[in-house]
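Visitor: Would you mind keeping the following structure in view while I ask a few things?
Protein chains: 2
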Amino acid sequence: MDKLLNDLVAIVGPEGVLLGDDVSQRSVDWFTGAPCRAKAIVRPRDTEQLSRVMALCYQADQPVVTHGGMTGIVHGGEASPEELVVSLELMNRIEDIDSVGSTLQVQAGATLQHVQEAAAEIDMQFPLDLGARGSCTIGGNIATNAGGIRVIRYGMMRQQVLGLEAVLSDGTVVSSLNKMLKNNAGYDLKQLFIGSEGTLGIVTRAVLRLQPHMPSEQTALVAVPSFDALTQLLGLVSQELANSLSAFEALWNNHYKLMTTESGKHTPLLADDSPFYAIIETLGLDDERDAEHFSQVLQKALEAGLITDAVLANSRAQRQVIWAIREDIEVLVKELKPMFSYDVSLPIPHMDAYVELLEQGLKAQWPQVGKMVVFGHLGDGNLHIMITVRDDSPESRRQVEQLVYTPLKEYGGSVSAEHGIGLEKRDYLSICRSSEEIALMKRMKTALDPKGLLNPGKVVALD
Amino acid sequence: MDKLLNDLVAIVGPEGVLLGDDVSQRSVDWFTGAPCRAKAIVRPRDTEQLSRVMALCYQADQPVVTHGGMTGIVHGGEASPEELVVSLELMNRIEDIDSVGSTLQVQAGATLQHVQEAAAEIDMQFPLDLGARGSCTIGGNIATNAGGIRVIRYGMMRQQVLGLEAVLSDGTVVSSLNKMLKNNAGYDLKQLFIGSEGTLGIVTRAVLRLQPHMPSEQTALVAVPSFDALTQLLGLVSQELANSLSAFEALWNNHYKLMTTESGKHTPLLADDSPFYAIIETLGLDDERDAEHFSQVLQKALEAGLITDAVLANSRAQRQVIWAIREDIEVLVKELKPMFSYDVSLPIPHMDAYVELLEQGLKAQWPQVGKMVVFGHLGDGNLHIMITVRDDSPESRRQVEQLVYTPLKEYGGSVSAEHGIGLEKRDYLSICRSSEEIALMKRMKTALDPKGLLNPGKVVALD
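Here the protein sequences come in this chain order: R and E.
Start counting the first sequence at 1; every next residue gets the next number (this note's numbering).
Start counting the second sequence at 1001; every next residue gets the next number (this note's numbering).
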């Protein structure tokens, strides 16, 4: 064991440093199961230990990759044999919960679900929600500015964070554990660390904002006859359900069909021949009143020809049946093997043309095997696109990426809506960010991490 | 005219450069009317002109102070005779408005009211709102991360900005005019410029997020028997009116009394002997249904003893009568002459003790003349405190500042909730920000403005 590892053990104890099989048995990619190749995994128990770890690494010019729940899919957690992984897994405590101030203070390694449950215990809610809730961590949610299914109502992770604490590359602890909704005393430093994927600092603790619990959930799956109707429907429900609309998820026909009749995995609650489907959900306080209003609005949409059929959930179980059609990613992974997964955003008016262009390109290049499904958070301008060409060679991957990303430039879209950049999308960053923007990112990276030790090569590469 | 001014005229034309009386007739402080002392005011017509102006200033080491609507009250716009003012007043055009995407693109010099009206024209709303709406500009709202009366429902200016364009100190144009709700492609650069008070770059254009228009407004003024009842009332209405609560403003007895019976300027809608008052407002879609629900919730509060009396507005005129008690700042300026104005935030549970401490301190130091009134956005943890000791000498000002700011450290509060730091609060920044935080702010300032030319000395002073 080299000197640095010995020194690290002296800080975090022998159980705080994992080596050999304990490292390689961990995966850095839940799609492929690729093993972690880092020289060691260091697990500090508190901020002070991490600060000392980072001060050592800074002295030794040791690059560091931070691990949260490892549910990311852009290779943000990949580590080379020369790199050290810092895992926040032993820092998973909820430190404080305040129902008057509606705040919860938590260590970065706690899972999202743990926080959601703690909020529920005091009859409040932590509104960020995504499929990986049981594994993903608050630190990871912050580092990637996680999105999920309720962004349309509550915003992304950035909006849920009131304060945070981070350790810089040299071990400096910057503690900004603000608990107030309003604080304009100088630069809002937390913004630096939210969404920068561990490249500017390591988030250790956070103060999160809680929201009132919403006991009434209304959920419907509707069939939509055209893309034009889909955007009009979004406009209608945004207006009529404005205060309570919490999700507007669109499923293209190819997605709905694969999840239901083609795979046989989920019941086709509505006939599978509609061009589009949408899942609409509201969160409110009065179940009876909300249910009545919700069905009135759907009736209005039906009369206006914006939907052709609808099924409303009458129970928690029925809600889950509807959501499973949207969330059961394992069906996609199996049916579209080997699968390429994309997460783009673009202005809603351009979406239809973009998807059409993509379909044509796929058909032209892979007429036999090319297959794609499209779904996503339409209300947020965010599409998820899953593509297979039955071959995951680097060349095929590169060709499909070109197909997916290149048109986004013209449409003013983004190569990443909510998954981040990591390593996977770094070479495509210039499609949606100008050279001045990328230069400014590099300037920030150099200012905060002058030796380039934090998650090196992710998001932006320093020359 | 020196060479720099000549070169500036060549860029922006003679009408783009103001000199002499045209400069000194402008005020940099609407409380005192203090004149602008800058060597000139430069008024670019577009981003390209500003970029060329800044490149020249960079070359000449010329410091620059940016002016928006000049409604700030922390001396953020003060300029010395050696400094140049850049005013965005000729860049006030709304460039694009999109009802499908719910976005509005605007130049930084447009007033808030102009934007609000443009949104209303397409039956939507721009929800940021504050008393200075007719004069303050979008660029200023962004630079100061403006708050106002609807933060509890819609968040501060930061939450309304989807994208922006800024010019750096060397003239580089960083255009991040993102129109999407979700964009995790690299660092979120707009956050650098929001709330940094013109010290990191000059905001030239922005893409703002619009919200559905809410035709139904319910407003009540209520009398509250104790601070404990006030926080319970906030809890009750946050829960019961969760989806629609848009304002929860608290008035301490000293404020209500001064605005009504003492000054004789506003009708005391409720008897003036209650320890606290609150203005509660909701925004919704269905006036009849909302009104019924609103009065049910108030009835519940009455039965629980959280309020002792209430008056509900039945018309727009009545709403204005209620809000005038809260918003008519001119009564305060007149009655508390010379007035010191403070804007602090602190965790709600500590507010009562804090205000009591302040009152005692004021009475002890100025038993005859000391007078204060307290009101604010209780739901946001934000108090406005107006104090007079009938003397505005620098020593008295300093003494009152000590009284107001010092206890905030212990309570975990902030010396600025929404007004910013400017020059006025810079020396108190360390009360609520750690030395590591201030060091990081300076590191960012140095990275983005290496010559220290942008709004020098404001927010943080470089050594």
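Built from N, CA and C at the ideal position, the CB exists for glycine as well.
Remember, predicted model here, so these are calculated numbers, not experimental data.
Note down the Cα distance separating E/I1307 from E/P1225, rounded to an integer number of angstroms.
Guide: Taking the first residue of the second sequence as position 1, residue 1307 of chain E is located at position 307. Taking the first residue of the second sequence as position 1, residue 1225 of chain E is located at position 225. Those two C-alpha atoms are separated by around 6 angstroms.
Visitor: Please report whether the beta-carbon of E/S1169 lies at a distance below 8 angstroms from any beta-carbon of chain R.
Guide: Residue numbering aside, residue 1169 of chain E sits at position 169 when the second sequence is read from its first letter. No, E/S1169 lies away from the interface with chain R (no Cβ there is under 8 angstroms from its Cβ).
Visitor: Please report the distance separating the alpha-carbon of R/L408 from that of R/G148.
Guide: Taking the first residue of the first sequence as position 1, residue 408 of chain R is located at position 408. Taking the first residue of the first sequence as position 1, residue 148 of chain R is located at position 148. Roughly 21 angstroms between the two C-alpha positions.
Visitor: Which class does E/D1287 belong to by DSSP, given the choice of helix, strand or coil?
Guide: Residue mapping note: residue 1287 of chain E aligns to position 287 of the second sequence, counting from 1. Correct three-state label for E/D1287: helix.
Visitor: For E/S1087, which residues in the same chain have their Cβ closer than 6 angstroms to its Cβ, ignoring the five residues on either side in sequence?
Guide: Here the question's residue 1087 of chain E lines up with position 87 in the second sequence. Correct list, in chain order: I1041, R1043, H1067.
Visitor: Check distances from the C-beta atoms of the stretch 1134-1160 of chain E to those of chain R and list, in chain order, the residues that come in under 8 angstroms.
Guide: Those would be T1144, N1145, G1147, V1151, I1152, G1155, M1156, R1158, Q1159, in chain order.
Visitor: Here's a check: name, in chain order, each residue in its chain whose Cβ is nearer than 7 angstroms to the Cβ of R/G171, leaving out the five neighbours to either side.
Guide: The count along the first sequence starts at 1 and reaches residue 171 of chain R at position 171. Cβ within range, chain order: S51, R52, M54, A55, Y58.
Visitor: Closest by CA to R/N254, which one among R/R37, R/D273, R/G264?
Guide: Start at 1 with the first residue of the first sequence, and residue 254 of chain R comes out as number 254. Nearest C-alpha to R/N254: R/D273.
Visitor: In this structure, does DSSP put R/G148 in helix, strand or coil?
Guide: One-based indexing of the first sequence puts residue 148 of chain R at position 148. Strand.
Visitor: Taking R/H75 as the query, report the chain E residues whose CB atoms sit under 8 angstroms from its CB, ordered along the chain.
Guide: The residue you call residue 75 of chain R lines up with position 75 of the first sequence. In chain order: nothing, as chain E lies at least about 15 angstroms away.
Visitor: Which residues bound the alpha helix (DSSP H) around R/V23?
Guide: Taking the first residue of the first sequence as position 1, residue 23 of chain R is located at position 23. Unbroken alpha helix (DSSP H) run through R/V23: 21-24.
Visitor: Is the CB of E/N1183 under 8 angstroms away from at least one CB in chain R?
Guide: In the second sequence, counting from the first residue as 1, residue 1183 of chain E sits at position 183. True, the Cβ-Cβ gap to chain R drops below 8 angstroms.
Visitor: At a CB distance below 8 angstroms, what residues from the stretch 339-362 of chain R approach chain E? Give them in sequence order.
Guide: S345, L346, P347, I348, P349
Visitor: Evaluate R/L95 with the Cβ neighbour count: other Cβ atoms within 10 Å of its Cβ, from every protein chain shown; 16 or more gives buried, anything less gives exposed.
Guide: Position 95 of the first sequence, counted from the start, is the residue given in the question as residue 95 of chain R. Here the sequence assigns Glu to residue 95 of chain R, which means Leu is not the residue at that position. Exposed, by the Cβ-count rule.
Visitor: Run through DSSP, which three-state label would R/L241 get?
Guide: To locate residue 241 of chain R, count along the first sequence from 1; it is residue 241. Note: R/L241 maps to coil in three-state DSSP.
Visitor: Could you tell me whether any Cβ in chain E is nearer than 8 angstroms to the Cβ of R/H384?
Guide: Translated into positions along the first sequence, residue 384 of chain R becomes position 384. So no, R/H384 is outside the interface.
Visitor: Which complete beta strand (DSSP E) runs does the stretch 1381-1410 of chain E hold, if anything under 3 residues is left out?
Guide: 1382-1388
Visitor: Identify which residue in E/G1284, E/L1270, E/K1179, E/F1031 has its Cα closest to the Cα of E/L1164.
Guide: To locate residue 1164 of chain E, count along the second sequence from 1; it is residue 164. Closest option to E/L1164, Cα to Cα, is E/K1179.
Visitor: Taking 8 angstroms as the cut-off, does the stretch 1179-1189 of chain E touch the stretch 414-422 of chain R (at least 3 CB pairs, one atom from each stretch)?
Guide: Yes, they touch.
Visitor: Kindly identify the DSSP beta-bridge partner or partners of E/E1165.
Guide: For the purposes of this step, residue 1165 of chain E is taken as residue 165 along the second sequence, with counting starting at 1. According to DSSP, E/E1165 bridges with E/S1175, E/R1205.
Visitor: Going by C-alpha distance, which of R/D352, R/T406, R/R133 is nearest R/P275?
Guide: If you number the first sequence from 1, residue 275 of chain R lands on position 275. For the residues R/D352, R/T406, R/R133, the minimum Cα distance to R/P275 belongs to R/D352.
Visitor: From the beta carbon of R/V115, is the nearest beta carbon of chain E less than 8 angstroms away?
Guide: As a working note, residue 115 of chain R is residue 115 in the first sequence. No, its Cβ sits nowhere closer than 8 angstroms to a Cβ of chain E.
Visitor: Using a Cβ-Cβ cut-off of less than 7 angstroms, give me the residues of the stretch 1174-1204 of chain E that come near chain R, in sequence order.
Guide: V1174, S1175, S1176, K1179, M1180, L1181, K1182, N1183, N1184, A1185, G1186, Y1187, D1188, L1189, Q1191, G1195, S1196
Visitor: E/W1323 by DSSP, collapsed to three states: which one?
Guide: The sequence position of residue 1323 of chain E within the second sequence is 323, counting from 1. In this structure, E/W1323 counts as helix in the three-state DSSP scheme.
Visitor: Name the two residues that bound the continuous beta strand (DSSP E) containing R/Q49.
Guide: The residue you call residue 49 of chain R lines up with position 49 of the first sequence. From DSSP, R/Q49 is part of no beta strand (DSSP E) but of the alpha helix (DSSP H) over 47-59.
Visitor: Need the endpoints of the alpha helix (DSSP H) that E/A1439 sits in, please.
Guide: Here residue 1439 of chain E corresponds to residue number 439 of the second sequence, with the count starting at 1. E/A1439 -> alpha helix (DSSP H) spans 1435-1448.
Visitor: Nearest by alpha-carbon distance to R/E292: which of R/E217, R/V151, R/S345 is it?
Guide: On the first sequence, residue 292 of chain R is found 292 positions in, with the first residue counted as 1. Ranking R/E217, R/V151, R/S345 by Cα distance to R/E292 puts R/E217 first.
Visitor: Express the C-alpha separation of E/D1123 and E/V1115 in angstroms, rounding to a whole number.
Guide: Translated into the one-based positions of the second sequence, residue 1115 of chain E becomes position 115. Translated into the one-based positions of the second sequence, residue 1123 of chain E becomes position 123. If I take the Cα positions, the gap works out to 13 angstroms.
Visitor: Report, in whole angstroms, the separation of the C-beta atoms of E/I1325 and E/M1259, which I expect to be a contact under 8 angstroms.
Guide: As a position in the second sequence, residue 1325 of chain E is number 325, starting the count at 1. As a position in the second sequence, residue 1259 of chain E is number 259, starting the count at 1. Contact between E/I1325 and E/M1259 holds: CB atoms are separated by about 5 angstroms, below the 8 angstroms threshold.
Visitor: Would you verify that the beta carbon of E/C1432 is, or is not, closer than 8 angstroms to some beta carbon of chain R?
Guide: Numbered from 1 along the second sequence, position 432 holds the residue referred to as residue 1432 of chain E. Output row for E/C1432: interface = yes.
Visitor: Considering R/D343, what are the terminal residues of the beta strand (DSSP E) in which it resides?
Guide: On the first sequence, position 343 is the one that residue 343 of chain R refers to. Taken as a continuous stretch (DSSP letters only), the beta strand (DSSP E) holding R/D343 covers 340-345.
Visitor: Within 10 angstroms of its Cβ, does E/N1243 collect 16 or more other Cβ (buried), or is it exposed?
Guide: Counted from its first residue, the second sequence places residue 1243 of chain E at position 243. Its Cβ being crowded by 16 or more others within 10 Å, E/N1243 is buried.
Visitor: Residues of chain E with a CB under 8 angstroms from the CB of R/E436: which are they?
Guide: Residue numbering aside, residue 436 of chain R sits at position 436 when the first sequence is read from its first letter. What R/E436 touches in chain E: T1172, V1173, V1174, S1175.
Visitor: Within the 8 angstroms Cβ cut-off, does R/L285 reach chain E?
Guide: The residue given as residue 285 of chain R occupies position 285 in the first sequence. It does; some Cβ of chain E falls within 8 angstroms.
Visitor: For R/A118, tell me which candidate among R/G131, R/K458, R/N92, R/V64 has the shortest Cα-Cα distance.
Guide: Here residue 118 of chain R refers to the residue found at position 118 when the first sequence is read from its first residue. Selected option, being the one with the closest Cα: R/N92.
Visitor: For R/G452, which of R/S24, R/T32, R/Q62 has the nearest alpha-carbon?
Guide: Here residue 452 of chain R refers to the residue found at position 452 of the first sequence. Among R/S24, R/T32, R/Q62, the Cα nearest to that of R/G452 is on R/Q62.
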